[in-house]
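Residues in the sequence shown are numbered from 1 upward in steps of one, following UniProt numbering.
Worksheet for the structure shown next.
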Amino acid sequence: MLYLNRTGVPWKYLPHDFPPHGTVYFYFAAWRDEGILAQLGYELTGLARAAEGREPEPTACILDTQTVKTSTDVPLASQGIDAGKKIVGRKRGVVTDTLGLLLAVTVTAAHLSDNALGIRLLDQAKNTWQSLSKTWVDKGFKNTVVEHGATLGVDVEVVSRSTGARGFHVVKRRWVVERTLGWLMFHRRLARDYETLPASSEAMIHIAMIDNTARRVTGEATPTWRDLQ
């Protein structure tokens with residue numbers, strides 16, 4: 001699964017020295033549906049936070065979204081048009097802690113508004129991490145998200161770019177989650193959405209962050225064939 005996630009190859013092109021691609025996909029689908037991939041990722045998040053001298057349970061987080069194009073064989077019913085970015089595809093919503101570690105993820109059709117996605121993300125993040133009490137979002141999230149956060153006991157703060165800023169500009173707090181979205185792009189399976197089901201897209205994001213966070217916890221990367229020579 002890590003190999004496919006990182007290289008972006010189709011399932012049937014897994015190397016011959018791996019188990020049959022049907023067997024690998026069977027376990028991927030089972031772990032996706034049972035929430036094992038998400039649970040493993042969140043356990044690693046707690047370990048990585050502890051290794052950094054933080055409490056395993058975060059109290060603050062950052063929300064953001066990313067629209068990506070879909071492959072030609074993705075069902076039309078599960079994709080849409082992001083009118084603002086003029087992209088046909090899906091929208092990823094992620095929640096990270098202040099270290100950039102994944103706390104929640106949701107994938108939807110691209111036409112879903114940031115407000116609707118933000119409400120889903122807040123619900124998911126708060127359900128998983130009861131300790132959350134503060135989050136930062138960009139101005140794409142409106143008052144409905146702020147008000148919904150208040151009902152959950154989460155203070156939602158909208159962070160805007162500095163007035164008069166031009167070109168690239170690091171935005172306070174938001175740069176952390178944007179960096180995490182950048183990390184995902186190192187995994188070729190995520191450069192475009194190839195998955196039939198949005199749930200599979202979410203699982204692929206969990207696998208990418210499992211890879212990233214495991215290396216952070218252990219200080220080691222997965223060995224390649226070159227390392228074995």
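Note that the Cβ used here is the ideal one computed from N, Cα and C, for glycine as well.
Along the chain, where does the alpha helix (DSSP H) that runs through residue i open and close?
i	result
Ala29	21 to 33
Leu40	36 to 51
Arg6	2 to 7
Rounded C-beta distance between residue i and residue j? I'm assuming under 8 angstroms.
i	j	result
Arg6	Gly100	No, Arg6 and Gly100 are not in contact; Cβ-Cβ is about 19 angstroms, not under 8 angstroms.
Glu57	Trp136	Glu57 to Trp136, Cβ: 18 angstroms. No contact.
Gln124	Arg92	Contact flag wrong, Cβ pair sits at about 13 angstroms.
Thr59	Ser133	5 angstroms
Leu122	Val154	6 angstroms
Asp192	Val68	In the sequence as displayed, the identity of residue 192 is Arg instead of Asp. Confirmed, Cβ separation roughly 6 angstroms.
Lys139	Val156	Not really, about 12 angstroms apart at Cβ, beyond 8 angstroms.
Val146	Thr98	No, Val146 and Thr98 are not in contact; Cβ-Cβ is about 20 angstroms, not under 8 angstroms.
His111	Gly80	3 angstroms
Gly8	Met209	At roughly 16 angstroms, the Cβ-Cβ gap does not stay under 8 angstroms, so Gly8 and Met209 are not in contact.
What do you get for residue i, buried or exposed, if any count of 16 or more other CB atoms within 10 angstroms of its CB means buried?
i	result
Gln39	exposed
His16	exposed
Pro198	buried
Tyr194	buried
Phe141	buried
Leu185	What sits at residue 185 in the sequence shown is Met, not Leu. Under this definition Met185 is an exposed residue.
Thr106	buried
Phe26	exposed
Phe28	buried
Lys12	exposed
Thr108	buried
Ala48	buried
Leu44	buried
Leu2	exposed
Ser71	exposed
residue 237	Absent from the structure is residue 237, since the part of the chain shown begins at 1 and ends at 229.
Lys86	exposed
Lys172	exposed
Leu76	exposed
Ser131	exposed
Determine whether the Cβ of residue i lies closer than 9 angstroms to any Cβ atom of chain D.
i	result
Tyr3	In the structure shown, chain D cannot be found, because there is only a single protein chain.
Every unbroken beta strand (DSSP E) within the UniProt domain "Transposase IS4-like" (57 to 210), with a cutoff of 3 residues, ordered by chain: 60 to 69, 80 to 82, 87 to 96, 102 to 109, 134 to 137, 155 to 158
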